[in-house]
Every structure is written in structure tokens, then in C-alpha cells.
Amino acid sequence: MAYEFTVSGRIAKPVHEVFEAVADPASLSGYFTTGGAKGRLETGATVTWDFADFPGAFPVEVVEVEQDKKIVLRWDADGGDSPGEAATKTTITMTFAPLEDGRTRVSIKEEGWRETPAGLKSSYGNCEGWTGMICAMKARLEYGINLREGLYV
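If you want the working numbering, it's the position in the sequence shown, counting the first as 1, plus 4.
Right, dumping it as C-alpha cells:
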């Protein structure tokens, strides 16, 4: 069985504003990357995301960006079973869909872990992280609140 998940939520803002909250590093740094994001999400770029709870900037490969519709990313995933084992890469696909009532539906799918106990554990951790990201983005965009500030460290 392949390890993958999809999480989603609805944000009461227009699709362009929600998309930019992810694509723009200054915006992303205001609610998700507690250590900061460097580089705009554009097809072919490699950007960095840093988290206070997982110190050290993570390189994030930007595979595809379709303005206001989709962002596809790849990054190294935990999940090796042996010390020094090379990391595998997972693929993250974010989709942004405008809803008739003016809200935006955001879905995030991540897939590609090794089918090992360590891969399964890593997938659960990332599922938690992406769920938190959607909640934090909603709180930031709708209410101006940073949910992650002080949450992890």
C-alpha cells in the first residue's frame, strides 16, 4: 500500500489571495515557516523553508506552478530505516479551487514515502504538519492571527 494522504479546508478569501499566501515567501513566513521562507514558488526554482521546531533550512524543489490553481513541490522526506540511508523525495500537490460562495478550497496531497515503518511514521508527521498549515493559513487570512507563534518552541 502506498503511503499518501490528502488534507483540505475552506478559507473565506478569494482564490488569488489564498494562492499568494503560499507562493509569496513573506506571506508564508507570517504563518507557517516559523524560521522563514526564501524564494517565491515558481516552476523550476528551489526555495528554502525553515521551521523553529525543525531547525535548519529545508530545500524545496518547485516542480510546477499554475497561477491560482496548483503548486507541485518535492522535498526530502524522513523515512529511512538505517542510519545514513539516503532520503527519498515526496511530492506535494496543492490545489486551490474557488467556491461559489467566494471561499477557496485548499487541498494538499503528499505521496512517495518508502513503505517501511519509518516511512509510515514520517507520513503521519507530515499529515499533521500540512493540516496545521491549512489551519494556520485560515487563521492568518481570515482573522490576522499567527497560530504557530510559540506553539512548537
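The beta carbon of each residue, even a glycine, is placed where N, CA and C say it ideally should be.
All values derive from a computational prediction rather than experimental measurement.
At the C-beta level, Phe36 and Arg152 come within 8 Å of one another. Within the same chain, and ignoring the five residues on either side of Thr99 in sequence, the residues whose Cβ sits closer than 6 Å to its Cβ are Lys74 and Ser111. Looking at the DSSP output, Val51 sits in a beta bridge with Val64. Within the same chain, Asp72 come within 7 Å of His20 by CB-CB distance, once the 5 residues on both sides are set aside. With contacts defined as CB atoms closer than 8 Å, Pro29 and Val51 qualify as a contacting pair. With contacts defined by Cβ atoms closer than 8 Å, Phe55 and Gly34 do not form a contacting pair. 8 Å or more divides the Cβ of Glu114 from the Cβ of Phe23. The Cβ-Cβ distance between Lys93 and Asp105 does not fall below 8 Å.
When DSSP states are grouped into helix, strand and coil, Ile138 belongs to the helix group. Residue burial annotation: Tyr128 is exposed, with fewer than 16 other C-beta atoms found within 10 angstroms of its C-beta. Following the DSSP letters along the chain, one finds Leu155 in no alpha helix (DSSP H), marked with neither H nor E. Nearest C-alpha to Thr108 among Ser126, Val67, Leu155 and Ile138: Ile138.
Under the criterion of beta carbons closer than 8 Å, Thr95 and Val69 do not qualify as touching, at roughly 14 Å.
Judged by beta-carbon spacing, Glu146 lies within the 8 Å limit of Lys17, meaning their Cβ atoms are closer than that value. A direct Cα-Cα distance of roughly 14 Å separates Arg44 from Phe62. Pro29 carries a helical assignment under DSSP once its states are collapsed to helix, strand and coil.
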